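Q: One structure, as structure tokens, below. Some questions next.
2 protein chains.
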Amino acid sequence: MRIGVLGAGQLGRMLALAGYPLGLQFRFLDPGFDAPAGQIAELVAGRYTERAALERFSLGLDAATYEFESVPVAAIESLSLVVPVFPPIEALATAQDRLFEKRLFGELGIATAPYRNVETRSDLDKAIAEIGSPAILKTRRLGYDGKGQYLIEDASDCEAAWNQLRSNAMILEGVVPFRGEYSLISARSKNGEVVHYPLVANEHKHGILRVSRMAPRTDEMLRLEAQAIDASNSVLERLQYVGVLAVEYFDAGTRIIANEMAPRVHNSGHWTIEGSVTSQFANHLRAICGMPLGSTASRGPSAMVNLIGGVPSADEILRIEGASLHLYGKEPRAGRKLGHVTVVAPDEASLNRSLEKVCALAFATSQG
Amino acid sequence: MRIGVLGAGQLGRMLALAGYPLGLQFRFLDPGFDAPAGQIAELVAGRYTERAALERFSLGLDAATYEFESVPVAAIESLSLVVPVFPPIEALATAQDRLFEKRLFGELGIATAPYRNVETRSDLDKAIAEIGSPAILKTRRLGYDGKGQYLIEDASDCEAAWNQLRSNAMILEGVVPFRGEYSLISARSKNGEVVHYPLVANEHKHGILRVSRMAPRTDEMLRLEAQAIDASNSVLERLQYVGVLAVEYFDAGTRIIANEMAPRVHNSGHWTIEGSVTSQFANHLRAICGMPLGSTASRGPSAMVNLIGGVPSADEILRIEGASLHLYGKEPRAGRKLGHVTVVAPDEASLNRSLEKVCALAFATSQG
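Each protein sequence line maps, in turn, to chains A and B. When we follow our numbering, the leftmost residue of the first sequence carries the number 1, and every step to the right adds one. When we follow our numbering, the leftmost residue of the second sequence carries the number 1001, and every step to the right adds one.
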């Protein structure tokens, strides 16, 4: 089978690496000539909305998918006429818009932070009055890694927030005190088979994910995980989802709150490459190709550390017990995700020891 | 770093898959335009002895290696003038010639089957008289997967054997009764660090490897493994080896006997992709790039089944507990290695159960 992937970044690259052993072939579409996946697979360099590029890209594909949720829905619509595209377009359209996403969660009875749609300056004032502050004004679309957001500490910040984001459709979200950020990576196959990876605890800095760690299997975490599984199950079912879905959750004490979802393989699931019997990349491909899903059992307590803006010495990383290096073939630039390190350990204490060493090296070289 | 690999078959392909996460880039040289590694990396299509092809291949490489031991020594010699090539040329030259190989084992005090160099028809008669029959007349060079061999049941077969192989340099090897065939996969780094994978038990049919299995950790196997480690250590040291080395051993009851060696990643080590913390492919690259070697600890009892000539349904394979599929992107042809299945299990009994299922599927579709 030949799989087409819109976007040729590191996610696409890791999809190809997981798919080659399954006998799959890959073609990528990306505007960048030096995209990471283009180094290891066929690349059609072109814009996602460029008809000729899409046609060249789609020629002879058996299935198509995308590695980021900002791909234009119109491109997926025209692609869908000639090749099956997964995850389904409704999932993409929903995940692209914070308002649609919140509404979907609401319809399914999944708690979210309080929110209001903001179309006018007076909507904003009204929303702040209703939700209270602090709150975050966010663009409904194209926000990622903390971009397109403005923290409103109190009502006096509204004017500045409005002026910064006003060219976009917006949503105001209440700030909910939470004890931890989590994500649940799930996969659903064409015939409705569903698997979930263990719940992941995430640490962000400057809006960018730094560390993901398989949540320790304590009673409290298993309780959280069960809530997350319930919520994700209803999303998967409602969207008749096919592929890997990542949903971010906050632990708000008495309950979990869904933050956002990504209809694709996710940075917080990179630890599954070594940490799980089947990686998120392999399971995404198995789902969209109609193959049976693989076991999401973990090989031991696992974690992942992102390499942002700079890369430590490979030798030093590789000497750390249980550590594996994953570089994306990108030129260093501040704030850019250049690679990650996964750690798998026999127990939590060993994981802590190795993780501490990895973080020391990663954070010393990180930029942005 | 950019790594050049002579030969673009499945071994080269799996080297690239293991090396991309380390940030390595790959270029292959192979006479075949549709070679498996060429589907996922840059391929220079040309003969190994073709000067222009070698020059194009070597441009800008940081290190080079080879994926099969029949690559002409002359090609490695000329390549060595412009880029470091590992494993060392002496290892290649030795492994290419059964006589040199036997002599090396002998020098190091490693037992082998009795053998005689055969250059003339009367050499053969003399050799049979000395060694006895049954014995196998083998070409010294270019024999693999059971090719280039003639079993001499008794002296009356000498004439036919001689006539079949006489255009080659030959060696006569005595047939030693053995209880099992094993291989030991080892890696040695530039600074002399050495690691060994657990001993592997191998099953051949028609001279082609069918099943490799991590030897169960019984006292008897650990005793055999210790002997194999001693022998391989002396080979690695003597050749100042860099990279992965596979040595095949027979269990001759009271002692092990070295059969042959391959200065490269080896089919009997494919189970290490899922079965070990670090695969043989990753460790070969880490060795030749001067990186620290990775742990060879196993993730549980493991095995591998080759897919020869035909490929079973991917769905059926993937439903088997602990099974992973590895296809090479080759067109089916009788006797051709098209892929393999690895199995990792929590215990020997589970491994047996899964292995039985994999073998049933693999052997039902195998051809040749």
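In this text, a Cβ means the ideal position worked out from N, Cα and C, and glycines have one as well. Values in this document were obtained by computation on a predicted structure and should not be read as measured data.
Out of curiosity, what's the CA-to-CA distance linking residue 187(A) and residue 1215(B)?
A: Their backbone Cα atoms lie some 35 Å apart in a straight line.
Q: Would DSSP call residue 178(A) helix, strand or coil?
A: It is coil, neither helix nor strand.
Q: The beta strand (DSSP E) with residue 1014(B) in it runs from where to where?
A: That residue, residue 1014(B), is in no beta strand (DSSP E); its alpha helix (DSSP H) goes 1010 to 1019.
Q: So, does the CB of residue 1062(B) fall closer than 7 Å to a CB anywhere in chain A?
A: Cβ-Cβ to chain A under 7 Å: no for residue 1062(B).
Q: Find the residues of chain B that neighbour residue 315(A), judging by a C-beta separation of less than 9 Å, and give them in chain order.
A: 1290, 1291 and 1292, listed in chain order.
Q: According to DSSP, simplified to helix, strand and coil, what is residue 1003(B)?
A: In the structure shown, residue 1003(B) sits in a strand (DSSP, three-state: E or B).
Q: Which one or two residues does DSSP pair with residue 1166(B) in a beta bridge?
A: Residue 1166(B) pairs with nothing; no bridge assigned.
Q: Return the residue from the list 1286(B), 1297(B), 1299(B) and 1353(B) that minimises the CA-CA distance to residue 1018(B).
A: Comparing Cα-Cα distances from residue 1018(B) to each of 1286(B), 1297(B), 1299(B) and 1353(B), the minimum goes to 1286(B).
Q: Can at least three beta-carbon pairs, one atom from the region 252 to 266 of chain A and one from the region 104 to 119 of chain A, be found at a separation below 8 Å?
A: Result yes; three or more Cβ-Cβ pairs closer than 8 Å.
Q: Pick from 1247(B), 1052(B), 1356(B) and 1085(B): whose alpha carbon is nearest that of residue 985(B)?
A: Nothing in the structure corresponds to residue 985(B), since chain B is present only between 1001 and 1368.
Q: Where in the region 172 to 238 of chain A do unbroken runs of the beta strand (DSSP E), each at least 3 residues long, occur, reported from the N-terminal end onward?
A: Whole beta strand (DSSP E) segments, 3+ residues: 180 to 188, 194 to 196, 200 to 205 and 208 to 214.
Q: Quick check: what's the CA-CA separation for residue 1123(B) versus residue 1157(B)?
A: One C-alpha to the other measures close to 14 Å.
Q: Please say whether residue 135(A) and residue 81(A) have beta carbons closer to each other than 7 Å?
A: In this structure, residue 135(A) does not lie closer than 7 Å to residue 81(A) by Cβ.
Q: When you check each C-beta in the region 1217 to 1229 of chain B against every C-beta of chain A, which residues fall closer than 8 Å?
A: The region 1217 to 1229 of chain B vs chain A, Cβ under 8 Å: nothing.
Q: Looking at C-alpha atoms only, which residue of 271(A), 223(A), 232(A) and 42(A) is the closest neighbour of residue 254(A)?
A: When each option's Cα is compared against that of residue 254(A), the closest is 223(A).
Q: Under three-state DSSP, which class holds residue 1147(B)?
A: Coil at residue 1147(B), not helix or strand.
Q: Can you tell me which residues form a DSSP beta bridge with residue 66(A)?
A: Residue 66(A) is bridged to 6(A).
Q: Would you check if the region 1203 to 1221 of chain B and the region 1047 to 1059 of chain B touch, i.e. whether three or more CB-CB distances between them fall below 8 Å?
A: Touching, no, given that fewer than three Cβ pairs across the two stretches are closer than 8 Å.
Q: Quick one: complete alpha helix (DSSP H) runs, 4+ long, within the region 18 to 88 of chain A?
A: Fully enclosed alpha helix (DSSP H) runs of 4 or longer: 51 to 58 and 73 to 80.
Q: Please name the residues in the region 1016 to 1045 of chain B whose beta-carbon is closer than 8 Å to at least one beta-carbon of chain A, in chain order.
A: Of all residues in the region 1016 to 1045 of chain B, 1016, 1017, 1020, 1021, 1022, 1023, 1025, 1039, 1040 and 1041 have a Cβ within less than 8 Å of some Cβ in chain A.
Q: Using a Cβ distance threshold of 8 Å, determine whether the region 1334 to 1344 of chain B contacts the region 27 to 41 of chain A, with at least three qualifying pairs required.
A: The region 1334 to 1344 of chain B vs the region 27 to 41 of chain A: no contact.
Q: Would you check if there are 3 or more beta carbon pairs closer than 8 Å linking the region 1175 to 1190 of chain B to the region 1232 to 1250 of chain B?
A: Yes, since at least three Cβ pairs between the region 1175 to 1190 of chain B and the region 1232 to 1250 of chain B fall closer than 8 Å, the two stretches touch.
Q: Note down, in chain order, every chain B residue with its Cβ under 8 Å from the Cβ of residue 329(A).
A: Here the neighbours are 1020, 1023 and 1025.
Q: Does the beta carbon of residue 326(A) sit closer than 7 Å to a beta carbon anywhere in chain B?
A: Yes - at least one Cβ of chain B is within 7 Å of the one on residue 326(A).
Q: Is the shortest distance between the beta-carbon of residue 1318(B) and the beta-carbons of chain A less than 7 Å?
A: At least one chain A Cβ lies under 7 Å of residue 1318(B).
Q: So which of 1052(B), 1363(B) and 1037(B) has the shortest CA-CA distance to residue 1066(B)?
A: The residue with the shortest Cα to Cα distance from residue 1066(B) is 1037(B).
Q: Within the same chain, show all residues whose beta-carbon is closer than 7 Å to that of residue 1340(B), passing over the 5 residues directly before and after it, in chain order.
A: These residues qualify, in order along the chain: 1270, 1304, 1305, 1306, 1307 and 1326.
Q: Candidates 1362(B), 1166(B), 1098(B) and 1329(B): which alpha carbon is nearest residue 1(A)'s?
A: Ranking 1362(B), 1166(B), 1098(B) and 1329(B) by Cα distance to residue 1(A) puts 1329(B) first.
Q: Chain A partners of residue 1286(B), CB-CB under 8 Å?
A: The contacting residues are 318.
Q: Since I believe residue 110(A) is in contact with residue 234(A) (beta carbons under 8 Å), could you give me their beta-carbon distance rounded to a whole number of angstroms?
A: Yes, they are in contact, since the Cβ atoms of residue 234(A) and residue 110(A) sit about 7 Å apart, within 8 Å.
Q: Evaluate contact between the region 317 to 326 of chain A and the region 348 to 358 of chain A, counting only Cβ atoms and requiring at least three cross-stretch pairs below 8 Å.
A: Taking 8 Å as the limit for Cβ pairs, the verdict is that the region 348 to 358 of chain A does touch the region 317 to 326 of chain A.
Q: I need the DSSP call for residue 1298(B), collapsed to helix, strand or coil.
A: The answer is strand: DSSP assigns residue 1298(B) an E or B state.
Q: Where DSSP assigns a beta bridge to residue 1117(B), which residues make up the other side?
A: For residue 1117(B), which the question treats as bridged, DSSP gives the partners 1171(B).
Q: Chain B partners of residue 299(A), CB-CB under 8 Å?
A: Here the neighbours are 1299.
Q: Which stretch, first to last residue, makes up the beta strand (DSSP E) that contains residue 1324(B)?
A: Element bounds for residue 1324(B): 1323 to 1327.
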